[in-house]
Structure formats: structure tokens, C-alpha cells
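Taking our numbering, the leading residue of the sequence shown gets 3, the next gets one more, and so forth. The structure appears right after this line, and notes come after that.
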Amino acid sequence: MKELWCAAPVNVHRIDWIWANAAVLAENGISMPTSWEEFNAAANKLKSAGITPLAHGGQAWQDATVFEAVALGIGGPEFFHKAFVELDQNTLKSDSMKAVFDQMRTMRGFVDSNFSGRDWNLATAMVMNGEAAFQIMGDWAKGEFLAAGKRPGIDFLCASTPGDGFLYNVDSFAMFDVDGSDKEAGQMLLAELIVGKNFQKVFNMNKGSIPARVDVALDDFDPCAHTSAQDMAASNSGGSLLPSYAHGMALRGAQSGAITDVVTAHFNSDMSSSEAVQMLANAVANSM
């Protein structure tokens with residue numbers, strides 16, 4: 003076991019979710035979007051009605067969360083893997099990547115003027131309270147809805163962001179090499195409890211994620227969790243189950259940080275998509 007990291011997985015978070023206030027959408031005759039074109043049309047309609055289309059917190063990691071969901075939707079799973087796992091320069095500089103930044107520029111117009119520095123849970127609260135229609139965020143946002151007594155399918159809606167594939171993040175407890183059989187026994191007990199079916203069920207029902215164990219019954223889980231589990235299984239079979247770059251699953255810190263720096267610089271300026279693509283390719287190359 004030398005030179006191997008050992009960790010007990012707690013859960014699987016899906017990153018590419020879109021959450022919506024059910025009443026706001028119904029009152030404005032809007033369905034959950036299944037393409038980015040539909041999302042843009044819905045957002046423009048909401049904006050015209052005086053409603054903030056997209057609840058967003060202007061923090062770099064939140065910009066990156068939206069960006070990778072857009073990248074998966076516009077470019078597809080193979081594009082995403084080449085760009086954010088393989089760091090392929092041709093893909094980073096491609097027209098598809100430019101289209102991703104084009105969509106990000108469009109979405110910048112859908113957030114409110116006070117978004118800078120807002121914590122993610124406050125953005126979730128905007129959707130809960132009807133101040134905003136949508137939020138793009140991992141399924142920890144669902145934990146906020148549930149804790150507030152909101153009901154999936156009634157008070158709030160959940161769907162994957164437009165496109166194919168599944169972006170995941172796994173929370174784990176890492177076990178370090180320790181001296182002494184008593185400490186090793188403690189680690190083993192902790193790991194056994196974490197991966198136990200009961201803990202996996204109770205923890206994930208509250209966190210908004212799904213169990214890391216695929217043999218945990220989901221009977222008591224909400225419809226969003228069932229969708230997540232089904233989509234994960236389908237993506238795993240179809241080769242489109244992908245690690246989140248924004249949440250530390252795909253890249254080392256230097257590379258992911260370089261990408262996010264460009265993403266947030268573009269989102270918070272008037273930088274063109276062409277400039278952003280070139281800056282992205284250069285930043286990744288310099289981080290290697």
C-alpha cells in the first residue's frame with residue numbers, strides 16, 4: 003500500500019444542475035430549458051418582466067462552476083475531456099471554446115448588479131424567495147432548498163444544465179499513514195462508518211448529493227436524487243461521466259487555477275471571446 007492515497011468516499015455531487023423557482027417559471031409561461039438557446043430566450047423574457055434571470059455569486063469558483071456546465075453543454079463530453087482533462091491546446095483555442103465564452107458573455111447580462119462577492123447559498127435563497135428564477139450550481143444547493151422546507155417539483159425544479167454528460171465531485175475523508183495499531187483501528191472504524199449504508203443514506207439525503215455506494219436504496223430520496231443516480235449510471239455506461247475541473251476532480255491546482263483566472267477575468271470585464279480563448283491557452287501552457 004506504499005505511495006497510495008486511501009480515502010473513504012462520502013458522496014457524489016453532480017455539478018451541472020440548474021435550479022429554478024417553480025412559481026416564477028409558471029407565472030411567466032416558462033419551462034425548464036433543454037438547450038442554451040431556450041435558456042437565453044427564457045432569461046430575456048424574465049428580464050423584460052423585471053425578474054433577475056440568474057442568481058449568481060461573483061466568486062471565482064462560482065464563475066468556474068457555470069463555465070464548465072456551459073462548456074459541457076456547448077462542446078459535449080469529448081470536447082470537455084480534451085479541454086479540461088487532457089488540456090489539449092487545439093481544443094482550448096477552438097471555435098467551440100470561443101462559443102463557450104460567447105455564452106458566458108450572454109449570461110453576464112442575466113445576473114443582477116449586486117452579484118459581486120455573493121456567497122452561493124445567498125444566490126440559492128434568491129431563487130427560493132422568487133427574487134431570481136434560475137441558479138446553476140452543484141446539488142449542495144438542493145440541501146438548502148430542503149432545509150428550508152421547499153419541495154422538489156412543487157416549490158423548486160431541478161434539471162441538468164443543457165447538454166449531455168455528467169460532471170461529478172466526490173467528497174472523501176483521506177487516511178494518512180499513522181503509527182500505532184490503535185490509530186489504525188480508529189481510521190478503519192471511521193472509514194467503515196463513512197461507507198456504511200446508513201450513514202451514506204442519512205448524510206446524502208441532507209446534503210443534496212447521492213451515495214458513493216451504488217447499492218444504497220434510494221427509496222426515501224427525492225426525485226432530483228433519482229435523476230442524478232440514473233444520469234450518472236447512463237453517463238458511466240456511455241463514456242460521458244466526467245470529473246469537474248472547477249471542483250478539483252480533473253486537474254492539479256496550478257492548472258485549474260490558471261483556467262479559472264481567465265474565466266473570471268472574462269466574466270468581469272469586456273474582454274472579447276477571442277481574447278479569452280488565447281489567454282486561456284497561454285495560461286494553461288504557462289502552468290504546466
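Virtual Cβ for every residue (Gly too), placed ideally from N, Cα, C. Bear in mind the structure is a predicted one, so any value in this text is a computation, not a measurement.
Query raised in the report: If we ignore side chains and look at the alpha-carbon of each, how far apart do residue 190 and residue 220 end up?
Result: The residue you call residue 190 lines up with position 188 of the sequence shown. The residue you call residue 220 lines up with position 218 of the sequence shown. C-alpha separation (whole angstroms): 26 Å.
Query raised in the report: Residues in its own chain within less than 8 Å of residue 283 by CB, not counting five upstream and five downstream?
Result: Position 281 of the sequence shown, counted from the start, is the residue given in the question as residue 283. Cβ neighbours of residue 283 beyond the five flanking positions: 91, 94 and 95.
Query raised in the report: Which ranges does the beta strand (DSSP E) cover as unbroken runs of at least 3 residues, wholly within the region 5-65, from first to last along the chain?
Result: 8-16, 19-23 and 54-56
Query raised in the report: residue 162 lies in the alpha helix (DSSP H); which residues open and close that run?
Result: Within the sequence shown, residue 162 is the residue found at index 160, counting from 1. Here residue 162 belongs to no alpha helix (DSSP H); instead the beta strand (DSSP E) covers 158-162.
Requested in this report: Please work out which residues of its chain come closer than 6 Å, Cβ to Cβ, to residue 49, disregarding the five sequence neighbours upstream and downstream, and give them in chain order.
Outcome: Counting from one through the sequence shown, the residue named residue 49 turns up at place 47. Excluding sequence neighbours, residue 49 sits near 55.
Query raised in the report: According to DSSP, is residue 270 helix, strand or coil?
Result: As a first step, residue 270 is located in the sequence shown; it is residue number 268 there, counting from the start. Coil.
**Report entry** Cβ-based neighbour list, residue 70, same chain, cut-off 8 Å, excluding 5 preceding and 5 following
**Finding:** To locate residue 70, count along the sequence shown from 1; it is residue 68. Answer for residue 70: 17, 18, 82, 86, 169, 246, 247 and 248, listed in chain order.
Report task. Can you grab the Cα-Cα spacing for the pair residue 214 / residue 13, in whole Å? Result -> The residue labelled residue 214 in the question sits at position 212 within the sequence shown. The residue labelled residue 13 in the question sits at position 11 within the sequence shown. C-alpha separation (whole angstroms): 4 Å.
Query raised in the report: Is residue 35 buried or exposed, if buried means 16 or more other CB atoms sit within 10 Å of its CB?
Result: In the sequence shown, the residue the question calls residue 35 occupies position 33. With 16 or more other Cβ atoms within 10 Å, it is buried.
Query raised in the report: So, is residue 239 buried or exposed, given that buried needs 16 or more other C-beta atoms within 10 angstroms?
Result: As a working mapping, residue 239 is identified with position 237 in the sequence shown. Exposed.
**Report entry** Three-way DSSP call (helix, strand, coil) for residue 172 in this model
**Finding:** Reading the sequence shown from its first residue, position 170 is the one you call residue 172. Here residue 172 sits in strand by DSSP.
Report task. Taking the CB atoms as reference points, tell me whether residue 9 and residue 175 lie closer together than 8 Å. Result -> Taking the first residue of the sequence shown as 1, we reach residue 9 at position 7. Taking the first residue of the sequence shown as 1, we reach residue 175 at position 173. Cβ atoms of residue 9 and residue 175: closer than 8 Å.
Query raised in the report: Are the CB atoms of residue 26 and residue 72 nearer to each other than 8 Å?
Result: Start at 1 with the first residue of the sequence shown, and residue 26 comes out as number 24. Start at 1 with the first residue of the sequence shown, and residue 72 comes out as number 70. No.
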